[in-house]
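One structure is given here, and the rest of the page talks about it.
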Amino acid sequence: MNILLVYPQYPVTFWSFKYALQFIAKKASLPPLGLLTVAAMLPGTWKLRLVDLNTAKLRDADLRWADYVLLSAMSIQKGSADAVISRCRQHAVKVIAGGPLFTAHPADYGHVDHLVLNEAEITLPLFLADLEQGKAQHLYTSDRWADLSRTPVPRFDLPAMKHYASMNIQYSRGCPYDCDFCNITVLYGRAPRTKDAAQVVAELESLHVRGWRSSVFIVDDNFIGNRAKLKKEVLPAIIAWMEKRKHPFKLYTEVSINLADDDELMALMVKAGFDQVFIGIESPNEESLAECSKLQNRNRDLIANVRKIQRAGLEVQAGFIVGFDKDPAAIFERLIAFIQESGIVTAMVGLLNAPAGTKLHRRLEQEGRVLKAVTGDNTDFSMNFVPKMNPDALMNGYRRILGTIYHHKHYYARVKKFLQEYQPPRAKRVRFKFMYVRAMAQSIVRLGIIGRERYQYWKLLAWSLFRRPRLLPLAITLSIYGFHFRQVFRRHEKRLRAARV
Numbered sequence: 000m001n002i003l004l005v006y007p008q009y010p011v012t013f014w015s016f017k018y019a020l021q022f023i024a025k026k027a028s029l030p031p032l033g034l035l036t037v038a039a040m041l042p043g044t045w046k047l048r049l050v051d052l053n054t055a056k057l058r059d060a061d062l063r064w065a066d067y068v069l070l071s072a073m074s075i076q077k078g079s080a081d082a083v084i085s086r087c088r089q090h091a092v093k094v095i096a097g098g099p100l101f102t103a104h105p106a107d108y109g110h111v112d113h114l115v116l117n118e119a120e121i122t123l124p125l126f127l128a129d130l131e132q133g134k135a136q137h138l139y140t141s142d143r144w145a146d147l148s149r150t151p152v153p154r155f156d157l158p159a160m161k162h163y164a165s166m167n168i169q170y171s172r173g174c175p176y177d178c179d180f181c182n183i184t185v186l187y188g189r190a191p192r193t194k195d196a197a198q199v200v201a202e203l204e205s206l207h208v209r210g211w212r213s214s215v216f217i218v219d220d221n222f223i224g225n226r227a228k229l230k231k232e233v234l235p236a237i238i239a240w241m242e243k244r245k246h247p248f249k250l251y252t253e254v255s256i257n258l259a260d261d262d263e264l265m266a267l268m269v270k271a272g273f274d275q276v277f278i279g280i281e282s283p284n285e286e287s288l289a290e291c292s293k294l295q296n297r298n299r300d301l302i303a304n305v306r307k308i309q310r311a312g313l314e315v316q317a318g319f320i321v322g323f324d325k326d327p328a329a330i331f332e333r334l335i336a337f338i339q340e341s342g343i344v345t346a347m348v349g350l351l352n353a354p355a356g357t358k359l360h361r362r363l364e365q366e367g368r369v370l371k372a373v374t375g376d377n378t379d380f381s382m383n384f385v386p387k388m389n390p391d392a393l394m395n396g397y398r399r400i401l402g403t404i405y406h407h408k409h410y411y412a413r414v415k416k417f418l419q420e421y422q423p424p425r426a427k428r429v430r431f432k433f434m435y436v437r438a439m440a441q442s443i444v445r446l447g448i449i450g451r452e453r454y455q456y457w458k459l460l461a462w463s464l465f466r467r468p469r470l471l472p473l474a475i476t477l478s479i480y481g482f483h484f485r486q487v488f489r490r491h492e493k494r495l496r497a498a499r500v
């Protein structure tokens, strides 16, 4: 059996880092971990090929080779996924589809041959058994949660690693919190399910033996959902493996803000090689946090928490949302002030959307406010419901936030503030990579010579060189990120202006 695994293309977004990747000659941030994990569950006698449309083109010859196309996608990839399905139908190739897009919207994909939904550890074996007997059904679904201790090591031999900026693994699924706009608990439940320490180490080892020596993203939606197991078993195992292998990776992940409450956990994460965490802060407005059940963020000095985490050695990246019913008219200026004061450089601000299946979607549906399906990109100036705030005021305020925080003057001021407060972990080992030299050379030309931000660029580099020389590479990296954010914002502005004409 010839199986072609296809991963649809992402549109250009703030999270795609498309313009930043150009500085290091990479095509995509991460490989399709879901597909690689599913590939490891397929019969060993089957022949597999991977086509990631973010790094390569899907050729007719690929489709002629395939007995089946196995397709996985998130909502933001819907346009590309639909195009792949159409091409498969034209070439009479059967499609097996799964992942968040198809699990959330199965009714939209009656024309797909086989929908293997929810968690593949449960539904894929059912499909494979029926396929072997020649009676494969259209739909496979389950309301049970998978036992991750039985999840195999992903097939890291399938992607061309040279095209990616980072690799990725997964330790847990599920989140103990229940924010009403988030579909993580819909897809994976509220009880964090985890792999054991040996599995995590085996996945790191699998990357290592294939020559990977760069960053690894642990993709969990809340890495610290089970803190006791992390501190007792998993982080000590990662630390021991990293020391044995002479610290080949830098690690980053997603956590909740209560990480700031646990000094021991932060110290263990830094010792294990983590240097970045993403946190959903959402809003500085207490009423908005109460509205969306973001209880873990309430009654906190959020800026003090961010600073504590960054001083522990973990750079904080954060997500913010506007468009809550309880947002006051002043929310835009408050959010700008919060982001600038916090020193959060990678600040992703989106418009509130209501994914299918969430508590928010159910409430808005009852109120008759739902308009359409979500695009999966809450930064593309689209909303799938009628907000309580005047829509024009909301869109203008949102545009003002992005135009301010990504403007080179404010952005570079925030980078400097972060670098002043950040206490980086002591470098375990410095590895020379040509792409770092390329990135610096590219930044000098594109940002320091022809860029509109050249004054701020050189001012930051000079300050860093003399005041925080260890952080000069990070200063350059963050400058490149800023270039990407501004390019994406200008792209959206151009599209919006064209739509108004």
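For the sequence shown, counting from 1, position 497 maps to 496 in numbering that gives the first Met the number 0; every step adds exactly one. Idealized CB from N, CA, C, for every residue including glycine.
Other residues of its chain near residue i: CB distance less than 7 Å, five sequence neighbours each side excluded
i: A39; result: P151, V152, P153, R154
i: Q136; result: D129
i: G447; result: R453, Y456, W457
Distance, residue j Cα to residue i Cα
i: N389; j: Q89; result: 45 Å
i: K416; j: M0; result: 56 Å
i: G97; j: V115; result: 5 Å
i: A412; j: T403; result: 12 Å
i: I308; j: L334; result: 20 Å
i: I479; j: A72; result: 28 Å
i: R466; j: W457; result: 14 Å
i: T345; j: T44; result: 44 Å
i: R489; j: Y405; result: 10 Å
i: S205; j: F222; result: 21 Å
i: S442; j: W14; result: 20 Å
i: G367; j: N383; result: 12 Å
i: L363; j: V373; result: 13 Å
i: V83; j: L100; result: 14 Å
i: T252; j: E263; result: 17 Å
i: L123; j: E332; result: 49 Å
i: S104; j: N117; result: As written in the sequence, residue 104 is His, which differs from the Ser given in the question. Taking the straight line joining both Cα atoms gives about 12 Å.
i: A196; j: K231; result: 10 Å
i: S282; j: K493; result: 27 Å
Option nearest residue i by Cα separation, candidates the options
i: G272; options: P424, D177, A353; result: P424
i: V215; options: T184, N167, D177, L359; result: N167
i: L186; options: H409, K432, T357; result: T357
i: R445; options: Q486, D300, I84; result: Q486
i: W144; options: K249, A498, G188; result: G188
i: A440; options: H407, K93, I475; result: I475
i: L147; options: W211, D262, T193; result: T193
i: A181; options: D379, G318, I302, L35; result: It should be noted that the sequence gives Cys, not Ala, for residue 181. Closest by alpha carbon: G318.
i: L359; options: A289, A328, L301; result: A289
i: V5; options: I121, A55, P124; result: A55
i: A392; options: M347, A328, I338; result: A328
i: D379; options: R226, T184, H491; result: H491
i: L29; options: I338, A197, L52, L47; result: L52
i: S213; options: K228, L460, P191, P247; result: P247
i: H407; options: F484, I183, P468; result: F484
Nearest-angstrom beta carbon gap, residue j and residue i [assumed within contact, 8 Å]
i: Y18; j: F482; result: 6 Å
i: M160; j: R209; result: 7 Å
i: V50; j: L57; result: 5 Å
i: F16; j: A438; result: Between A438 and F16 the Cβ distance is about 13 Å, and since that is not below 8 Å, they are no contact.
i: I278; j: S255; result: 7 Å
i: G133; j: G173; result: Going by Cβ atoms, the distance from G133 to G173 rounds to 36 Å, so no, they are not a contact pair.
i: L35; j: P158; result: 7 Å
Sequence-distant residues of the same chain with beta carbon closer than 8 Å to residue i, five excluded per side
i: R306; result: S341, G342, E420
i: K387; result: D324
i: S171; result: L147, P191, R192, T193, K194, D219, N221, F222, G224, N225
Residue i burial status per 10 Å Cβ neighbour count (16 or more: buried)
i: G109; result: exposed
i: E242; result: exposed
i: V385; result: exposed
i: G33; result: buried
i: L370; result: exposed
i: E314; result: buried
i: F433; result: exposed
i: D219; result: buried
i: Q422; result: exposed
i: I449; result: exposed
i: K77; result: buried
i: T12; result: buried
i: A80; result: buried
i: T140; result: exposed
i: Q198; result: buried
i: V276; result: buried
Residue i at chain D interface by Cβ criterion, 8 Å
i: K432; result: Included in the structure is just one protein chain, with no chain D present.
Nonlocal neighbours in the same chain, by C-beta distance under 6 Å from residue i, ignoring five residues either side
i: Y410; result: G481
i: Y176; result: Q295
i: L529; result: Outside the modelled stretch of the chain, which goes from 0 to 500, sits residue 529, for which no answer is possible.
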